[in-house]
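Residue numbers (the UniProt record's numbering): 1 to 455. No residue lacks a Cβ here, since even glycine has one placed at the ideal position from N, Cα and C. All values derive from a computational prediction rather than experimental measurement.
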């Protein structure tokens with residue numbers, strides 16, 4: 001599959017690919033189109049993994065909020081952004097599943113306009129990489145309006161991250177399709193914190209939750225266990241065009257999701273960067289530890305080996321008539337993360353609590369951050385058929401892609417037709433929520449009645 005993908009990509013086809021192949025293709029395409037290959041991703045972590053930048057930065061759309069006309073106007077005012085669009089022949093976009101259809105359509109229109117061609121993306125070759133069975137976009141759920149893209153899909157089947165644990169890799173393939181077999185349940189139960197002892201080297205696993213509120217509670221509790229009083233960093237907010245309290249509160253709430261208005265830190269606190277810092281080799285998602293405070297700023301040792309005195313950064317949210325500019329240190333507490341925030345990361349150790357999984361692919365994304373069961377701990381009810389499902393539209397997309405390539409789309413496990421039917425729907429039959437012994441009662445009653453008749 002990798003050879004086929006490489007051949008088709010180098011021949012100029014637009015493709016959907018997996019990210020571990022991209023590094024090779026980037027090198028080869030650079031030889032073919034020197035200085036004309038735009039390497040991007042929908043998230044900072046994914047962009048860093050392939051040596052690129054976010055598609056938002058490349059395109060010049062900022063947060064990507066607004067109408068196509070507004071975003072196009074924003075790009076046209078930026079000479080560097082226009083030059084990037086006009087100078088690229090190939091656009092590589094990793095983690096495509098996290099980019100909503102409305103923004104993808106906007107980028108298509110922007111490329112066509114700036115490049116002066118009506119072809120999809122102004123005639124650029126696209127290499128789109130990602131797994132639609134992972135989490136969908138956080139914002140919109142729109143669909144791309146363009147139907148003229150001459151594209152193909154190459155399915156890569158061999159797991160690289162979990163190559164050292166084949167049993168775990170097989171189970172991940174099941175969970176990816178919304179199937180949790182008895183074998184998977186048994187393996188995950190063995191990783192529960194009530195059974196599996198914690199690490200003996202005192203390196204605490206990163207905790208993954210489905211909801212932000214659980215992350216906030218966990219991080220606050222961990223901060224409270226550190227000695228001393230917290231160092232408080234408060235933001236400075238600057239509003240423009242805000243005429244009523246409701247609009248003001250809306251803008252504050254939107255920026256609070258990106259960076260806290262008030263950040264409490266202590267020496268020893270585990271933190272996460274929330275803004276790309278390419279000059280420092282840091283991205284949105286880089287993790288670190290507070291080592292000291294210098295002139296009112298935290299000194300953080302990050303997981304890339306860099307120690308940085310982190311200053312304030314600009315965070316802005318704009319609407320058509322109003323905006324909020326926030327100045328704040330670009331950090332959050334990082335003992336616990338949401339599953340959404342962790343997508344794209346590889347974690348050597350993690351403790352998962354996914355009882356409140358609400359999104360298709362959420363349990364799978366949480367589990368697939370790990371390289372194997374050695375670094376996995378489960379809490380709560382664990383991963384089960386009740387909180388695990390795959391989106392039926394995505395399954396249909398992959399099934400059609402496989403048929404087009406002459407293959408059959410299925411899990412690597414020997415899942416039954418019953419399991420297949422279950423994964424096609426996010427809902428589980430009501431009787432399956434009952435304990436097994438209760439599910440068997442009707443059958444036992446019939447056998448008892450038959451026995452009485454025979455007597």
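Distance between beta carbons of residue j and residue i, contact taken as under 8 Å
i	j	result
residue 50	residue 41	7 Å
residue 481	residue 193	Because the chain is modelled from 1 through 455, residue 481 falls outside the range shown and cannot be assessed.
residue 121	residue 112	7 Å
residue 94	residue 22	6 Å
residue 219	residue 44	Not confirmed; about 20 Å, so no contact.
residue 507	residue 348	Only positions 1 to 455 of the chain appear in the structure, and residue 507 is not among them; the question remains open.
residue 184	residue 174	6 Å
residue 88	residue 124	6 Å
residue 189	residue 195	7 Å
residue 114	residue 33	Not confirmed; about 18 Å, so no contact.
residue 269	residue 233	At roughly 12 Å, the Cβ-Cβ gap does not stay under 8 Å, so residue 269 and residue 233 are not in contact.
residue 97	residue 36	Not confirmed; about 26 Å, so no contact.
residue 78	residue 60	5 Å
Bridge partner(s) assigned by DSSP for residue i
i	result
residue 236	327
residue 94	41
residue 472	Within the shown structure, residues of the chain are numbered from 1 to 455, placing residue 472 beyond reach of any answer.
residue 288	271, 302
residue 332	272
residue 277	282
residue 294	297
residue 352	208, 378
residue 192	378
Residue i versus residue j - alpha carbon distance
i	j	result
residue 225	residue 70	47 Å
residue 283	residue 343	14 Å
residue 259	residue 334	13 Å
residue 332	residue 254	16 Å
residue 127	residue 26	10 Å
residue 228	residue 136	41 Å
residue 210	residue 361	11 Å
residue 295	residue 119	54 Å
residue 170	residue 177	11 Å
residue 308	residue 302	8 Å
residue 24	residue 396	30 Å
residue 62	residue 116	22 Å
residue 287	residue 215	15 Å
residue 107	residue 230	43 Å
residue 386	residue 401	28 Å
residue 85	residue 56	12 Å
residue 355	residue 336	16 Å
residue 321	residue 256	20 Å
residue 132	residue 368	14 Å
residue 83	residue 217	45 Å
residue 262	residue 235	6 Å
residue 109	residue 68	7 Å
residue 213	residue 357	13 Å
Residue range of the alpha helix (DSSP H) that includes residue i
i	result
residue 85	79-87
residue 166	166-176
residue 76	68-76
residue 50	It is not in any alpha helix (DSSP H) - residue 50 carries neither H nor E in the DSSP assignment.
residue 101	101-115
residue 251	245-256
residue 222	212-224
residue 58	55-59
residue 342	339-342
Pair within 9 Å by beta-carbon distance, residue i and residue j
i	j	result
residue 338	residue 363	no
residue 240	residue 325	yes
residue 312	residue 165	no
residue 264	residue 66	no
residue 289	residue 300	yes
residue 291	residue 329	no
residue 384	residue 180	yes
residue 48	residue 305	no
residue 252	residue 341	no
residue 359	residue 208	no
residue 53	residue 278	yes
residue 167	residue 346	no
CB contact check: residue i to chain C, cutoff 9 Å
i	result
residue 88	No chain C appears in this structure, which consists of one protein chain only.
Beta strand (DSSP E) segment containing residue i, residue limits
i	result
residue 182	Here residue 182 belongs to no beta strand (DSSP E); instead the alpha helix (DSSP H) covers 182-189.
residue 261	No beta strand (DSSP E) contains residue 261, which DSSP labels as neither H nor E.
residue 316	313-318
residue 209	206-209
residue 128	125-129
residue 307	307-309
residue 376	376-378
heavy atom of the ligand NAP below 8 Å from residue i C-beta
i	result
residue 298	This structure lacks the ligand NAP, and indeed carries no ligand of any kind.
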